[in-house]
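Shown next as structure tokens:
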């Protein structure tokens, strides 16, 4: 029997469940960290070369755009850790049901927002 199902390819009209949003954000946060870790390693290497290099790294870090990038890294790291812990528990068999998966996804997203705010307060 051939099923006639409507095909909706317009992503703006699709309502994703919290678990899907959490999973997508987990991947996005990993990519953000991968891209920004190069900047952080470069700043660390520059700061360790000499006292002048350390002063240059401090001056670079004082720039608002660089601080924003570091905040983005810390926010992504915080969320990635929370979502990773959620995934580990799900791999162990906890929170696999639909309702508990929804609750843990919302908690991970809310915790990521709280950690991002705390990182912003700490940096500025």
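Residue numbers (the numbering used here): 104 to 227.
Glycine is no exception: its CB is placed at the ideal position from the N, C-alpha and C atoms.
* Can we count residue 108 as close to the ligand ZN, meaning its CB is less than 7 Å from some heavy atom? -> As far as ligands go, the structure on display features none, and thus does not contain the ligand ZN.
* Asked: Just checking my contact of residue 185 with residue 214 at CB under 8 Å: how many whole Å lie between their CB atoms?
  -> The pair is a contact, with the Cβ atoms about 5 Å apart (cut-off 8 Å).
* To do: Determine the DSSP secondary structure at residue 205, reduced to helix, strand or coil.
  => Helix at residue 205.
* To do: Put residue 189 into one of helix, strand or coil per three-state DSSP.
  => helix
* To do: Alpha carbon to alpha carbon, how far is residue 192 from residue 208? Give it in angstroms, no decimals.
  => 12 Å
* Looking only at its own chain, which residues have a Cβ that is under 8 Å from the Cβ of residue 124, when we skip the five neighbours before and after it? -> 208, 212
* Local Cβ density within 10 Å of residue 132, reported as buried at 16 or more and exposed below that -> buried
* Asked: Considering only the beta carbon of each residue, do residue 226 and residue 170 sit closer than 8 Å?
  -> yes
* Asked: Should residue 129 go down as buried or exposed, given a rule of 16 or more other Cβ atoms within 10 Å for buried?
  -> Buried, since its Cβ has 16 or more Cβ neighbours within 10 Å.
* **Per-residue burial, residue 181 [other beta carbons within 10 Å of its own, 16 or more giving buried]** => Buried is the call here.
* In the structure shown, what three-state DSSP assignment does residue 145 receive? -> helix
* Asked: From this set, 159, 139, 177, which residue's C-alpha is nearest residue 222's C-alpha?
  -> Among 159, 139, 177, the Cα nearest to that of residue 222 belongs to 177.
* Assign residue 166 to buried or exposed, taking buried as 16 or more other Cβ atoms, counted over all protein chains shown, within 10 Å of its Cβ. => exposed
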